[in-house]
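S.K.: For the sequence shown, the working numbering gives the first residue as 369, with consecutive numbering after it. Glycine included, every Cβ here is placed at the ideal spot set by N, Cα and C. Could you have a look at this structure, given as structure tokens, before my questions?
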Amino acid sequence: MSKTNKLDMTHGPLFGKLIKFTIPIILSGVLQLLFNAADVIVVGRFAGETAIAAVGSTGALINLMTNLFIGMSIGANVCAAQFYGAGHEEDVQKTVHTSTAFSLIGGLVLVFVGLFGAKPMLELMGSPSDVLPLATLYVRIYFLAMPAIMLYNFLAAILRASGDTAHPLLFLTIAGVINVLLNLVLVIEFEMGVAGVAIATVVSNLISCALLVAFFKRQNNALKLDFSSISIDKGILSKIIRIGLPAGMQGTVFSLSNVVIQSAINSFGTAVVAGSAAAASIEGFVYISMNSVSQTTVTFVGQNFGAGDEKRVKKVIFETLGIVMFVGLVMGNLVYFNSEYLLGIYTDSKDAIVAGSLRLFWVACPYFLCGVMDTLSGAMRGFGQSLVPMFVSLGGACVTRLIWIATYFRTNHTQSVLFFSYPGSWLLTNTVHAICLIMVYRAWVRKKSSEVRI
């Protein structure tokens, strides 16, 4: 089977290939985060504390409304990776065109959700009255780019499954530079404030998507995108949904728990909301680096699962766990011990910086636990198992946080008590994930052994 990638995931030394594959994903994720970080920094410096609170406080809501479809892209990644590993070129083609059609439909649905649901949802979250109008405006403009954002995520997931992580990085670099330049022009020169950064984000997402689509159009192999062939193959879509829907539901419920936490943060006032928004933006750079290792795990496990190599699958899991723990520990602690400087980039409000530093202590320092959780979950998805990590994550992380907020936090209303819900839930979830992954792996090995004997 012809492949676009030069990275052979199923043969040869492994560790170097894991690093080579992961680094462009990390850089791509960082660039995506810079879209939002540039928004937060520019409005914080040139439009004031209320504007930074408006932009920063929308993250949990945006994730809530988009994670269902973005989670589906994991299904596309696993399908394409397993088809690549098994050498099924025609199925890769079907995955490309089915994913294109499905992502565009999902993006159009999200446009209407964002336009009509932004204000009532922000009100339910308890957004401060001075923040609500600007936050609503930001979400409504942002969601105009949803078809492009969804299409980009699906196609980039398929490209990663083929072993190519360099081209998404290139396209995001171009779009990221344009995003920053537009932020500066629209906010400083034209004084458009929140609307300006939202428009800049929309334009940059449209550009990155257009570049990726053009790349797929130029291919002459299984990845070639032919507009006349865009349609939904029921068998492929069924597999994408079977794997991706639980991941999407997990992301959605995670976001719901974060919306509840954001609502609790809102109760402390605008300065704390602004500080937490800045801290969350900084945390995002640590998270995306760890989550990139999880995406690597999904792809490498998926290809080697398709190739039927249980020893290499096991090696992938252990080595990616080591990588993600190193990344999380180093980056998380670097962020915390430089918190005043980093938060000062976003805002000059002393109260906001103090609030943000406290959040970084509770979230960034033990963040490696979250990376382990995602990597264990990604390994199970590489096997094609998506329900198990969904239920474990929802029960161990989301439900635990909600119970914590509804009980102990209610009687001990402090920021430290609130943010402790993060590391506590990660530790519990990791324990159960590890047990489930061992069971899934052993069941697969037993099944392969019985098939050989037959």
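(1) With a CB to CB cut of under 6 Å and the five nearest residues on each side skipped, what residues in its chain are close to Pro734?
(2) Pairs of beta-carbons, one from the segment 472-486 and one from the segment 511-525, closer than 8 Å: are there three or more?
(3) Out of curiosity, what's the CA-to-CA distance linking Phe383 and Leu527?
(4) Around the C-beta of Leu386, are 16 or more other C-beta atoms found within 10 angstroms, so that it is buried, or is it exposed?
(5) Tell me which residues share the same chain as Ser818 and place their Cβ nearer than 8 Å to its Cβ, disregarding the 5 neighbours each side in the sequence.
(6) Give, in chain order, every unbroken run of the alpha helix (DSSP H) that is at least 4 residues long and sits entirely within the segment 464-505.
(7) For the alpha helix (DSSP H) holding Pro536, just list the boundary residues, first then last.
(8) On the CB-based measure, 16 or more other CB atoms within 10 Å of its CB, does Ile803 come out buried or exposed?
(9) Asn431: which of Ile409, Ala449, Tyr520, Met617 sits nearest, CA to CA?
(10) Measuring CB atoms only, is the segment 418-431 touching the segment 670-682, in the sense that at least three cross pairs come out at less than 8 Å?
(11) In terms of residues, what are the limits of the alpha helix (DSSP H) holding Tyr714?
(12) What's the C-alpha gap between Ile822 and Arg810?
(13) To the nearest angstrom, how far is it from the Cα of Ala419 to the Cα of Val640?
(14) For a test of the three-state rule: what should DSSP assign to Lys371, helix, strand or coil?
(15) Sorted by chain position, which residues of the same chain lie with C-beta nearer than 8 Å to Val628's C-beta, five sequence neighbours on each side aside?
(16) Mind checking Tyr709: buried by the 16 CB within 10 Å criterion, or exposed?
(17) Whose C-beta lies closer than 7 Å to the C-beta of Val570 among residues of the same chain, with five residues either side of it excluded?
(18) Just the C-alpha distance for Ile691 and Val661, rounded to the nearest angstrom, thanks.
(19) Using the rule of at least 16 other Cβ atoms within 10 Å of the residue's Cβ for burial, across every protein chain shown, is Met748 buried or exposed?
(20) Following the continuous alpha helix (DSSP H) through Met658, name the residue where it begins and the one where it ends.
(21) Check whether the segment 755-768 and the segment 601-609 touch, using three or more Cβ-Cβ pairs below 8 Å as the test.
(22) Can you find the residues in the same chain that come closer than 6 Å, C-beta to C-beta, to Glu678, ignoring five residues on each side of it along the sequence?
(23) How many Å lie between Leu401 and Leu540 at the Cα?
(24) Nearest-angstrom Cα distance between Ser707 and Gly427?
(25) Can you list, in chain order, the residues of its chain whose CB lies under 6 Å from that of Asp742, leaving out five sequence neighbours each side?
(26) With a Cβ-Cβ cutoff of 9 Å, do Thr466 and Asp601 count as a contact?
(27) With a CB to CB cut of under 6 Å and the five nearest residues on each side skipped, what residues in its chain are close to Thr665?
(28) Starting from the Cα of Val565, find the closest Cα among Lys718, Val410, Ser789 and give me that residue.
(29) In angstroms with no decimal places, state the Cα-to-Cα distance between Ile393 and Pro381.
(30) Would you call the CB atoms of Val507 and Leu523 closer than 9 Å?
(31) Which one of Ala422, Thr779, Asn589, Leu762 has the shortest CA to CA distance from Phe622?
(32) With a threshold of 16 other CB atoms inside 10 Å of the CB of Pro488, please say whether the residue is buried or exposed.
(33) Looking only at its chain, what residues have a beta carbon closer than 6 Å to the beta carbon of Gly652, apart from the 5 residues adjacent to it on each side?
(34) Grab me the residues of Leu697's own chain with a C-beta within less than 6 Å of its C-beta, minus the 5 sequence neighbours each way, in chain order.
(35) Could you say which of Gly676, Glu559, Leu593 lies nearest to Val460 if we only look at CA atoms?
(36) Among the candidates Ser597, Gly544, Lys718, whose CA atom is the shortest distance from the CA of Ser572?
M.R.: Working from what's here:
(1) Contacts found: Pro791.
(2) As far as the Cβ criterion goes, the segment 472-486 touches the segment 511-525, which means the pair count is three or higher.
(3) Approximately 21 Å, taken between the alpha carbons.
(4) Leu386 counts as buried, since no fewer than 16 other beta carbons sit within 10 angstroms of its beta carbon.
(5) If we look at Ser818 and ignore the five residues flanking it on each side, it has no Cβ neighbours.
(6) Assignment of alpha helix (DSSP H) within the segment 464-505, counting only whole runs of 4 or more residues, yields no such run.
(7) Note, Pro536: alpha helix (DSSP H), 534-552.
(8) Classification of Ile803: exposed, given that the 10 Å Cβ count is below 16.
(9) Nearest option by C-alpha distance: Met617.
(10) The segment 418-431 makes no contact with the segment 670-682; the number of CB pairs closer than 8 Å stays below 3.
(11) Taken as a continuous stretch (DSSP letters only), the alpha helix (DSSP H) holding Tyr714 covers 707-714.
(12) Low local confidence applies: a pLDDT of 48 at Ile822 is under 50, so the model's placement there is unreliable, and no value is given.
(13) About 14 Å.
(14) Residue placement at Lys371 is poorly supported in this model, since its pLDDT is 43, which falls under 50; the coordinates still yield a value, given next. Here Lys371 sits in coil by DSSP.
(15) If we look at Val628 and ignore the five residues flanking it on each side, its Cβ neighbours are Arg769, Leu770, Ile773.
(16) Counting the other CB atoms within 10 Å of its CB gives Tyr709 a total below 16, which places it among the exposed residues.
(17) Result list for Val570: Ile509, Tyr510, Leu512, Ala513, in chain order.
(18) When rounded, the distance between both Cα atoms is 7 Å.
(19) By the neighbour-count definition (other C-beta atoms within 10 Å, threshold 16), Met748 is a buried residue.
(20) Element bounds for Met658: 638-675.
(21) A contact is defined here as three or more CB-CB pairs under 8 Å, and the segment 755-768 fails this definition with respect to the segment 601-609.
(22) Excluding residues within five positions, the ones whose Cβ falls inside 6 Å are Val813.
(23) Those two C-alpha atoms are separated by around 10 Å.
(24) The alpha-carbon atoms of Ser707 and Gly427 are separated by roughly 20 Å.
(25) Non-local C-beta neighbours of Asp742 in its own chain, meaning closer than 6 Å and more than five positions away in sequence, comprise Asn659, Ser662, ordered along the chain.
(26) Result yes, Cβ atoms of Thr466 and Asp601 sit closer than 9 Å.
(27) Within its own chain, the residues whose Cβ lies closer than 6 Å to the Cβ of Thr665, once the five positions on either side in sequence are excluded, are Thr688, Thr743, Gly746, Ala747, listed in chain order.
(28) Per the Cα distances, Val410.
(29) In a straight line, the C-alpha of Ile393 is about 20 Å away from that of Pro381.
(30) Taking 9 Å as the Cβ cut-off, Val507 and Leu523 do not qualify as a contacting pair.
(31) Nearest C-alpha to Phe622: Leu762.
(32) Label assigned to Pro488: exposed.
(33) The answer, listed in chain order, is Leu401.
(34) The residues are Phe736.
(35) Out of Gly676, Glu559, Leu593, Leu593 has the C-alpha closest to the C-alpha of Val460.
(36) Per the Cα distances, Gly544.
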